[in-house]
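Q:
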Amino acid sequence: MKKSVVFIILICMICVLAVGCAQGVSRKTAEEGPVEKKEDLIVVGFSQVGAESDWRKENSESMRSAFTRDKGYELIFEDAQQKQANQITAIRTFIQRGVDYIVLAPVAEDGWDTVLGEARDAGIPVIVVDRMVNVEDESLFTCWVGSDFRLESQKACRWLKVYLDKQHFKPGDVNIVDIQGTIGSSAQIGRTRGLRDAVIDNGWNLLDAVPGEFTQAKGREATARLLEKYDNINVVYCENDNEAFGALEAIEAAGRRPGRNIRAGDVMVISFDGVSSQALDNLRSGSISCIGECNPLHGPRVRKIIENIEKGETPDKYEYVDEDIFSGYEGITEISVDGKSYPVKIMGK
Ligand code: AHR
Numbered sequence: 002m003k004k005s006v007v008f009i010i011l012i013c014m015i016c017v018l019a020v021g022c023a024q025g026v027s028r029k030t031a032e033e034g035p036v037e038k039k040e041d042l043i044v045v046g047f048s049q050v051g052a053e054s055d056w057r058k059e060n061s062e063s064m065r066s067a068f069t070r071d072k073g074y075e076l077i078f079e080d081a082q083q084k085q086a087n088q089i090t091a092i093r094t095f096i097q098r099g100v101d102y103i104v105l106a107p108v109a110e111d112g113w114d115t116v117l118g119e120a121r122d123a124g125i126p127v128i129v130v131d132r133m134v135n136v137e138d139e140s141l142f143t144c145w146v147g148s149d150f151r152l153e154s155q156k157a158c159r160w161l162k163v164y165l166d167k168q169h170f171k172p173g174d175v176n177i178v179d180i181q182g183t184i185g186s187s188a189q190i191g192r193t194r195g196l197r198d199a200v201i202d203n204g205w206n207l208l209d210a211v212p213g214e215f216t217q218a219k220g221r222e223a224t225a226r227l228l229e230k231y232d233n234i235n236v237v238y239c240e241n242d243n244e245a246f247g248a249l250e251a252i253e254a255a256g257r258r259p260g261r262n263i264r265a266g267d268v269m270v271i272s273f274d275g276v277s278s279q280a281l282d283n284l285r286s287g288s289i290s291c292i293g294e295c296n297p298l299h300g301p302r303v304r305k306i307i308e309n310i311e312k313g314e315t316p317d318k319y320e321y322v323d324e325d326i327f328s329g330y331e332g333i334t335e336i337s338v339d340g341k342s343y344p345v346k347i348m349g350k
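Going by the working numbering, the first residue of the sequence shown is number 2, and it counts up by one from there.
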């Protein structure tokens, strides 16, 4: 072969190699082969719980719009459909794909030690969002951001106590049922615990507590069963708004009226989230009496954490979000928990 032809072939090979490097073939994936990084994007693998509630849908939207290409991110979004096994598989896939960050909204608190150990061994920071993880070694995750679910409940229960006192309602006549969220999730644990403490402190009756899985269908089913079982229920404490929407349907189907006038036979509904217009309309009409706010807009918060880590900063291990308490009743404008006052946001008609 002539020297000039060999020279041209060599130049071509160098060009092919150079294009490959410019495209940044930086990561391997088990399922899809090497990830081709066409731009200098930060790759975030997000394992979301599911789409069980209005809150969750809003939260997914917040994450999706915080991590867009024009902001410098590639988001790999995995919906676990409320199953922890799916979340564990998603995290393993993120590790194999070599993402830059793993963001985990855990369905329940327990059962994360092994897979988070694998993420740590791979050198991938894990940011936990919304609910918490219960792990032996806290260095398995970088940080957490979310709600103080127990405080949400303490505020709602305090509102209930102040309301009942104003109506001169005897504690022993308060008969509550608790429609719980997904058992083992921080939102359920905190809200159930807040209610149990308030029941003991105030001398109320807790007739029953049953899981409603944070969905409207389960909230309706559970409330209907309880209304059949007990004829003296006057407070239904729902651990989120979607359960409350189901509870309202069940209360009406049972020939009872949702509302604040429990002396006249109304069933009071207490709830959490306050995200959808349906929930706020129910507050205005009085069919839901009080809602402890749960803020779903975590996308920008998680992005800020990643930006700070990229700058070499160490984020706070725990970041609690400030939240309000909402009601349509104008008679209570402030409540206090552990000596701290919280204004009640009144939803006008
Ligand atoms: O973890 C947050 C809770 O999960 C919200 O209160 C609920 O609506 C959601 O499903």
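Built from N, CA and C at the ideal position, the CB exists for glycine as well. Predicted model, so just to flag it, every value in this text is computed and none were measured.
Which residue comes first and which comes last in the beta strand (DSSP E) that contains Pro344?
A: Its beta strand (DSSP E) spans residues 341-347.
Q: Rounded to the nearest angstrom, what separates Glu331 and Ile77 at their Cα positions?
A: So the two alpha carbons sit approximately 45 Å from each other.
Q: Judging by CA-CA distance, which residue of Leu42, Arg65, Ala52, Lys58 is the nearest neighbour of Arg302?
A: Checking every option, the nearest Cα to that of Arg302 belongs to Arg65.
Q: Considering only DSSP beta bridges, list what Cys239 is partnered with.
A: Beta-bridge pairing links Cys239 to Ile180.
Q: For Ile201, count neighbouring Cβ atoms within 10 angstroms of its own Cβ and tell me buried if that reaches 16, exposed if not.
A: Ile201 comes out exposed.
Q: In angstroms with no decimal places, state the Cα-to-Cα distance between Ala91 and Thr193.
A: Whole-angstrom Cα-Cα distance: 29 Å.
Q: Would you be able to state if there are at least three C-beta pairs under 8 Å between the stretch 271-285 and the stretch 304-315?
A: These segments do not touch.
Q: Identify whether Ala106 lies in helix, strand or coil by the three-state DSSP scheme.
A: DSSP places Ala106 in coil when its eight states are reduced to three.
Q: Could you have a look at Gly247 and say whether DSSP puts it in helix, strand or coil?
A: The answer is helix: DSSP assigns Gly247 an H, G or I state.
Q: With 16 as the cutoff for other CB atoms within 10 Å, does His169 come out buried or exposed?
A: Per the 10 Å Cβ criterion, exposed.
Q: Look up Glu59 in the DSSP assignment and say whether it is helix, strand or coil.
A: The answer is helix: DSSP assigns Glu59 an H, G or I state.
Q: Roughly how many whole angstroms lie between the Cα atoms of Asp138 and Asn176?
A: Looking at the two C-alpha atoms, the distance is approximately 41 Å.
Q: Quick check on the DSSP output: the alpha helix (DSSP H) that includes Tyr164 runs from which residue to which?
A: Unbroken alpha helix (DSSP H) run through Tyr164: 150-167.
Q: Phe273: which of Gly51, Val50, Ser148, Thr115 sits nearest, CA to CA?
A: Closest option to Phe273, Cα to Cα, is Ser148.
Q: Can you tell me the Cα-Cα spacing of Val211 and Asn87, whole angstroms?
A: Those two C-alpha atoms are separated by around 25 Å.
Q: Is Pro344 buried or exposed, if buried means 16 or more other CB atoms sit within 10 Å of its CB?
A: Classification for Pro344: exposed.
Q: Just to check, is the beta-carbon of Asn243 closer than 7 Å to a non-hydrogen atom of ligand 1?
A: Under cutoff, so the answer is yes.
Q: Looking at ligand 1, does it come within less than 7 Å of Trp1, judged from the CB to the closest heavy atom?
A: What is shown of the chain runs 2 to 350, which leaves residue 1 out entirely.
Q: By the three-class DSSP mapping on this structure, what secondary structure does Met133 have?
A: Three-state result, Met133: coil.
Q: DSSP three-state label for Ser27, please.
A: Only weak support is given to the placement of Ser27: the predicted model assigns it a pLDDT of 35, under 50, and the value that follows is read from those uncertain coordinates. If DSSP states are grouped into helix, strand and coil, Ser27 belongs with the strands.
Q: For Gly266, tell me which candidate among Val276, Gly275, Ser278, Ile252 has the shortest Cα-Cα distance.
A: Measuring from the Cα of Gly266, the nearest candidate turns out to be Ile252.
Q: Any heavy atom of ligand 1 closer than 7 Å to the Cβ of Ala188?
A: Yes, the Cβ of Ala188 comes within 7 Å of a heavy atom of ligand 1.
Q: Is it buried or exposed for Ser337, if we count other Cβ within 10 angstroms and need 16 for buried?
A: Exposed.
Q: Is Ile184 buried or exposed, if buried means 16 or more other CB atoms sit within 10 Å of its CB?
A: Label assigned to Ile184: exposed.
Q: Using 7 Å as the cut-off, classify the Cβ of Trp145 as near or not near the heavy atoms of ligand 1, replying yes or no.
A: Outside the cutoff, so no.
Q: Buried or exposed for Asn106, going by 16 or more other Cβ atoms inside 10 Å?
A: Note that residue 106 corresponds to Ala in the displayed sequence, not to Asn. By the neighbour-count rule (16 or more Cβ atoms within 10 Å), Ala106 is buried.
Q: Run through the stretch 186-227 for me and flag every whole alpha helix (DSSP H) of 4 or more residues, listed as ranges in chain order.
A: Listed in chain order, the complete alpha helix (DSSP H) runs (minimum 4 residues) inside the stretch 186-227 are 187-203.
Q: Within a Cβ cutoff of 8 Å, which residues of the same chain sit near Tyr231, ignoring the five residues on either side of it in sequence?
A: These residues qualify, in order along the chain: Asn176, Val178, Leu208, Asp209.
Q: Within the same chain, show all residues whose beta-carbon is closer than 6 Å to that of Leu249, passing over the 5 residues directly before and after it, in chain order.
A: So the list reads Pro259, Ser288, once near-sequence residues are dropped.
Q: State the Cα-Cα distance for the pair Gln85 and Ile96, rounded to the nearest angstrom.
A: Cα to Cα, the separation comes out at about 17 Å.
Q: For Gln279, which three-state DSSP category applies?
A: The answer is helix: DSSP assigns Gln279 an H, G or I state.
Q: DSSP three-state label for Gly34, please.
A: Bear in mind that a pLDDT of 43 at Gly34, under 50, signals an unreliable position, so the model cannot answer this.
Q: Below 7 Å, is the gap between the Cβ of Ser63 and the nearest heavy atom of ligand 1?
A: Ser63: no, Cβ never under 7 Å from ligand 1.
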